[in-house]
Each structure stands twice: as C-alpha cells, then as structure tokens.
Amino acid sequence: MKRFLSVLLSVGLAATIMGGCNGNTTPTNASGTASTSGDATSSETASGDEASSAAAAEGASAKGKTFAIVTKAAGNPYNEKEADGFKQAIEQEGGTCIVKHPEAATADAQVSVIQSLISQKVDSICIAANDENALQASLQEAMQAGIKVSCLDSKTNKDSRQVFVNQAGTKEIGQALMDAVLDISGGSGDWAILSATSQAANQNAWIEAMKTVMKDAKYSKLNLVEVAYGDDEPQKSTDQTQALLSKYPNLKVICAPTTVGISAAAKVLQDKKSKVKLTGLGLPSEMAAYIGTDADHSCPYMFLWNPVELGQLGAYTSIALVNGTITGKAGDTFEAGKMANSPYKVVDAADGGTEIILGAPFKFDPSNIGEWKSVY
Amino acid sequence: MEEKSERIVSTGKKHGAKSFFSSWEFALAIIFIAVSAFCRAISPNYTPGNVLREMPKYLGEMFLLFPMAFILLMGDIDISVGSIVCLSATVSCFACNAGLPIPVVVLIGLLVGLLCGMLNGFILTTFVELPAMIVTLGTQIVYRGIAEIVLGSGGSISLKDTSGFNALAGKVGPFPYLFFLVILFAVAFAVVSAKTPFGRSLYAIGSNHNAAFYSGVKVQRVRFIVFSVTGAMAGLCAVFLTSTLFGANTTTGNGFEMDAIAMAVFGGISTAGGKGRLAGGIISAFIIICLRIGLGQINMNPQIILIILGILLITAVLVPNVSSKINARNTKNKVLTRK
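Chains A and B, in that order, are what the protein sequence lines are.
Using our numbering, read the first sequence as starting at 28 and increasing by one per residue.
Using our numbering, read the second sequence as starting at 489 and increasing by one per residue.
Shown next, in the form of structure tokens:
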C-alpha cells in the first residue's frame, strides 16, 4: 500500500510541478507577451528598415533577427563548412546566427532540433535534411509559427520548404565537365566516362547534360568512346578503368563524375604512369595525391561544390525570405551580398517545388587543393 | 503476499516516512524540481507551453520504458525494441498508404509489435538457457533487416495521406493525447508491478528465478507475457512516432532500446533484477526529457548534452553502491573498534 502511495505521490509530484509551472505562467506569460510585443516592435523596426533599405538599395538587412542553420550531423566537415559560410554571411549582415547539429544523423534527431528552434522563435530555419519527408510535420509547424523555412545541400519535399538552395545545377555540371574535357584533351580526341551504376539518377542526368553540351560545334572533335559503369565500388571502378585503357589505346581523357570512380581511376592512371588524364567530381581529401599538372599526377583539376559558398547562399536566401524580398515563388530574385552570381533567381525544381542554384561547380586544382584536402 | 515479496525486494527496508524521504524516488523528485528550475533559469523559452509542444517527440519512448522496467526487474533485457519500432512503423506506413482506415492501421502497428515480442518471448521461454541479451540482439538485427527489405532500395517510406496520423498527434489544450496515454500507462504499469501477484512475481524472478520457480511462480509464462507486452508497447511507440515523422526509414527507432534502459537504470531499477520501482523510472524519464529540452533551447552542442546525460547515468548507478559500501565500512569499523 505504501508503495502504491509513493507511486501516486510521485506522479502527483510530477503533476504539481507541471501545475507549478502552469502557476508560473502568469509571470512567464507576462514575459511572453512582453517578448511578443518586443517582437512586434522589432518587426516594426524591421519593416522600417526594409523600407529604408529598399529606398537605399536592394541590400537586405538582417539586424535584430535570428537565423538558424541545421546540419545533418555534428562532426561532418562538409556540413561544418556550410555552417561556417552561413554564419559568416549572417553576421556580416548584422543578424544573429544559430548553428544547430542534431544528436545523430537521423531525421528523428532533426525533429527535436526543429521543435527547439520553434520554441526559441527564430526568424528562419535553413536545414540540410536527413530525410525528404520525415520533417514535414515539424517544418510545417515552423512555417505556421511564422518561421521561414529553406533547405540546402539535401532537400526536403516541396511541402516542407519554401525554397531549396541547390548546390548543383545539372546543366552547370554538364557544362563544367565538358569544358574540362575539351581543355585537358587539347580540343580533340577520344574520351570516356566512368560512371557509378547505370540506374543512378544524378549520374545519368549529368551524363545527359554533357551529351547535350557536346552537340555544340566547339566540341565536335571530341569522340566519346564509352560510358563505363564502376557501380561506385573501388575494385570494379579500377577494373573498368583498366579495361578502358586496354580497349582504347588512343584514349586521352577519362571523366568520372563520381567520387568513388574518380579516386579509383586516379590511382590506376598514376600507378601506371599513363598518359591518359582524368577529371570529374571528386573529394579533395581523397584526390589530393593525384592532383597536379605534371606527368607524375593523373588529374590536372576536378570539380565539386564549394560548401562555404553554399552556406553563404543559404544565409542570403534566409535573409531574403525573412525580409519578404522573396517568398519562394519561381521568378523571385534577390541580391546575395558579394557572391559571384548575385543576383540569384528562384526557379522551378524537378520535384514541383522551387530552388535556387548556386552556380557552376567549384574547381579544385594544384593551387587550392592543399587548403581543401583537410576540409572534406 | 506482500510480506513475503517485501522481504525479497527491499532487503529489509522499513516502511514509514523516513524510508520515503530517504528513497531514491524522493531524491529523483527533488532532482526533477531542480532540473525544471535550472532549465527555467537558463532559457527564457522554457515555458510550459513550449515544453509540452516539444515533449511528444520524447514521450513516445516512455512506452518502451514501462515494459523495459518489467524486463529489467526480472533480470532480463530486451535490446530489440528499437528494431520492433522500426518494423512496426514501416508496416503501419504501408498499411496507411494502402488506404486502410486509421484504427485498422494502428491495430496493425500494435499487432506487428506484439508478434515480434511474442517471437522474442517464444525463443526465450523455449530455450531457457539462452541469454536474453544475445537472443534479442539477434532479433534486433532480424527485425531491422525485415524492415529494410520491406522499405526497399530507397530505405524510406512516407505517408501519402497524413490526416489519420495527424489526428493521433492532436491535443487537448496544450496537452497532446500522447501525454494522457503515457500517464494512463504509467499508472497501470505501476499498479501492476506494486499491487498484483503478477507484479510481485517479477521481483521474485529477478531476485532468484530458481527460488521463484520452486515457490510456484510460473517463471516462463511470466517472461513470455512480459516480452509480448513489450513488443505491443513498441508497436504503440511506433504508431505515435509515425504521427510525428509521417513516415519511416531504416534509422527509425535507432537507439530507443538504450534510451529506455537508461531511463530505467537512472530511475534506480537494477539491471541485475529484483530491485527498483517503476515510479523512479518515470520520474527519471521526465528529468531526462526536461534536461534535453532545456539544454536544447540554449543551443548546447548535442554531444555535450549526451555526455552530461552519460555522466548523470553513471552517477545515478554509482551513488547507491558507494553509499552502501560506506555504510558497510562504517558498521565494520564500529565492530572493529568495539573489539
């Protein structure tokens, strides 16, 4: 009986504490209303700011606002660079930045983070989603609470966001890779593609984009001999590279738009001291040993996106959303500080939502690889 | 009955106000108040409204705590519950997308959980010499494996029509339905463990299962029931998890088993069996939840929050042990000095 009583008492205790908190609501509520009225004034001043800044230029002020970025997981160097870029840009514009890492690399953990940010009444959330659909309920709750939601790097579905900041426009990647092949081959000759699997949607889209670019007369002397598939397995990619070398003695360039393929091919070419050169999309950390313009290195330069710039664009997108410069509808445009491709334009995305494309992929060559190899 | 079980359970503690105030549960209640006050002090957003809004995300795991406490009391362990949550959530999502009405979907979710739990119970009671840790490690891999196969290459499924699950996530005022359900189950499980012969037999099994067996407790039947109920509760957890995630993926329910065990152990329930009370587990669950919400609101690095929780857990296990050792040494010294 005593035991039962103690259980009841404990539950009762918990309830009283809940109740106690509720009792506290009067003062808290007062502070709550105070803070909301504070919010109101700040939004008033913000709209004042907006008017004045709109009068001055299209420059967006972020003063007095709080902008949050949510990464996929802590300790992910690529994500951390994005967060660095985001923070830089927000602080440059005078805003407050919150960088939130979830406890684990799951959508579940990101839900807690979003809920916490709603409690904190931030003005915007920019998130690299761990799952396309799982965040819908919480992100919609955030949007209903007046928080502007965008995502970067890894998107959510169209109903969970206002706009997606996309690091990689398919067209831009196709163009950059074709120009690299043209440059490295010297303008003519045989070249091959080493891809991942034959069903990989992003790979196929990029290869298609390259083929479209190749129709231009400028590339007419280039001859694409084969698209090989290494299935994103190091061993199979190595085998496929060796097969390409023996099948096509006149091969000049291999283009591998996959991080696994490019590092496998780089090793084969460099070990064999082959004259065939390599480019594509690769991780600086894995490729640092192979990047160089002399005969000892197999890859003169390659591409991937720049996470710092992606973070910056995410920041300017958030600011534009909060200031009402854009709403996330296709056709909206906004200034993004000193970024190279500013002003940016919101365009329709393949999934029915909208996106903002960062621009051409970032080039890694001997001049900058040393700095990036430790980053990601 | 109570006399007898009391002797086994609390190793000679006496009833009364003194034992109540020196109990671990009372200490936990004090810690809970301290944590609430602390969070209120560090975060201006730590208001009842916000805490209740953030809570459902964590509350679901308490459905795992209740039966896990029972299992630990018996001296067993079940580390497959996280995977059961994953499988059950996955199947519920498929059922919902097939257009079944929401009560049927919920029932299917519970049923999947129940079946998984029954399989655990069946294996453990048929081959009694197998350790529960290893068996449930096996089924953990099996259940998640099945979920991964069902989910296919994408590794994730999302609800086409979220209205049914949305209704589940509804609220009465600021209180989510989930909150009432948790309280209801908390009371039910606490009463069962403290007041019924079934509950007392859990303590008997945990203290010495051979002795329990020879005293007429149907040890294997009790174990089968508890493991089956655990499965069903994991199904319930999965259903509510789905109502916040609108889908399932291969990482759903990852680590839930450890969270449940941590809540129970922090609450004073011994993993060796036979010791502890569900009330402690429940209070400690709220301590952990409130601490997570509060520290989350001041944007503390989540890894540091995990470290804090880890240290708290070790301290919670250490304090009773150290204090009993000190007590033992003191009495020993007294005996020696008397000589």
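Think of the CB as a built atom: it goes at the ideal place given N, C-alpha and C, for glycine as much as any other residue.
(1) Less than 9 Å between the C-beta atoms of residue 93(A) and residue 148(A), yes or no?
(2) Compile a chain-ordered list of the residues in the segment 201–216 of chain A whose CB is closer than 8 Å to at least one CB of chain B.
(3) Using a Cβ cut-off of 9 Å (strictly closer), state whether residue 798(B) contacts chain A.
(4) Let's test the definition: count the other Cβ atoms within 10 Å of the Cβ of residue 688(B) and tell me whether it reaches 16, buried, or not, exposed.
(5) When we look at the beta-carbon of residue 89(A) and count the other beta-carbons within 10 Å, is it buried (16 or more) or exposed?
(6) With three or more beta-carbon pairs closer than 8 Å as the criterion, would you say the segment 653–662 of chain B touches the segment 533–546 of chain B?
(7) On the DSSP letters alone, give me the boundaries of the alpha helix (DSSP H) that residue 347(A) sits inside.
(8) Sorted by chain position, which residues of the same chain lie with C-beta nearer than 6 Å to residue 225(A)'s C-beta, five sequence neighbours on each side aside?
(9) Alpha carbon to alpha carbon, what distance is there between residue 337(A) and residue 573(B)?
(10) How about residue 202(A) and residue 236(A): are their beta carbons less than 9 Å apart?
(11) Looking at the unbroken beta strand (DSSP E) that takes in residue 622(B), where does it start and where does it end?
(12) Return no unless some Cβ of chain A is closer than 9 Å to the Cβ of residue 647(B).
(13) Anyone know if the C-beta pair for residue 790(B) and residue 128(A) falls short of 9 Å?
(14) Report yes or no: is there a C-beta of chain B within less than 9 Å of the C-beta of residue 294(A)?
(15) My understanding is that residue 605(B) touches residue 716(B), with C-beta atoms under 8 Å, so please give their C-beta distance in whole angstroms.
(16) Spell out a yes or no on whether the segment 714–728 of chain B and the segment 542–562 of chain B are touching, meaning 3 or more CB-CB pairs, one atom from each, closer than 8 Å.
(17) DSSP beta-bridge partners for residue 149(A)?
(18) Measuring CB atoms only, is the segment 620–632 of chain B touching the segment 559–577 of chain B, in the sense that at least three cross pairs come out at less than 8 Å?
(19) Spell out the partners DSSP gives residue 154(A) in its beta bridges.
(20) For residue 786(B) and residue 385(A), what's the separation of their Cα atoms in angstroms?
(21) On a CA-only basis, which of 139(A), 155(A), 161(A) is nearest residue 107(A)? Give me that one, please.
(22) Using DSSP's beta-bridge definition, name the partner residues of residue 307(A).
(23) Hey, residue 617(B) and residue 738(B) are a contact pair by Cβ (cut 8 Å); roughly how many whole angstroms apart?
(24) Please work out which residues of its chain come closer than 6 Å, Cβ to Cβ, to residue 588(B), disregarding the five sequence neighbours upstream and downstream, and give them in chain order.
(25) If you draw a straight line from the C-alpha of residue 781(B) to the C-alpha of residue 167(A), how long is it?
(26) Is residue 283(A) closer than 9 Å to residue 319(A) when the C-beta atoms are compared?
(27) Starting from the Cα of residue 303(A), find the closest Cα among 313(A), 314(A), 312(A), 323(A) and give me that residue.
(28) Please determine, among 211(A), 152(A), 290(A), 110(A), the residue with the shortest C-alpha to C-alpha distance to residue 223(A).
(29) By the three-class DSSP mapping on this structure, what secondary structure does residue 383(A) have?
(30) Is it right to say residue 799(B) is buried, meaning 16 or more other beta carbons lie within 10 angstroms of its own, or is it exposed?
(31) Does the Cβ of residue 803(B) have 16 or more other Cβ atoms within 10 Å, making it buried, or fewer, making it exposed?
(32) For the alpha helix (DSSP H) containing residue 256(A), list its first residue and its last residue.
(33) What are the complete alpha helix (DSSP H) segments, minimum 4 residues, inside the segment 572–628 of chain B?
(34) Roughly how many angstroms lie between the CA atoms of residue 522(B) and residue 812(B), to the nearest whole one?
(35) Please list, in chain order, all residues of the same chain as residue 109(A) whose beta carbon is under 8 Å from its beta carbon, the five residues on each side excluded.
(36) Can you tell me which residues form a DSSP beta bridge with residue 735(B)?
According to the structure shown:
(1) yes
(2) none
(3) no
(4) buried
(5) buried
(6) yes
(7) 334–350
(8) 256
(9) 36 Å
(10) yes
(11) Here residue 622(B) belongs to no beta strand (DSSP E); instead the alpha helix (DSSP H) covers 620–639.
(12) yes
(13) yes
(14) no
(15) 4 Å
(16) yes
(17) The partner list for residue 149(A) (beta bridge, DSSP) is empty, contrary to what the question assumes.
(18) yes
(19) 97(A), 178(A)
(20) 32 Å
(21) 155(A)
(22) 283(A)
(23) About 33 Å separates the two Cβ atoms, so there is no contact after all.
(24) none
(25) 20 Å
(26) no
(27) 323(A)
(28) 290(A)
(29) strand
(30) exposed
(31) exposed
(32) Taken as a continuous stretch (DSSP letters only), residue 256(A) belongs to no alpha helix (DSSP H), being part of the beta strand (DSSP E) at 249–256.
(33) 590–614
(34) 25 Å
(35) 96, 98, 155, 179, 180, 334, 335, 337, 338, 341
(36) 646(B)
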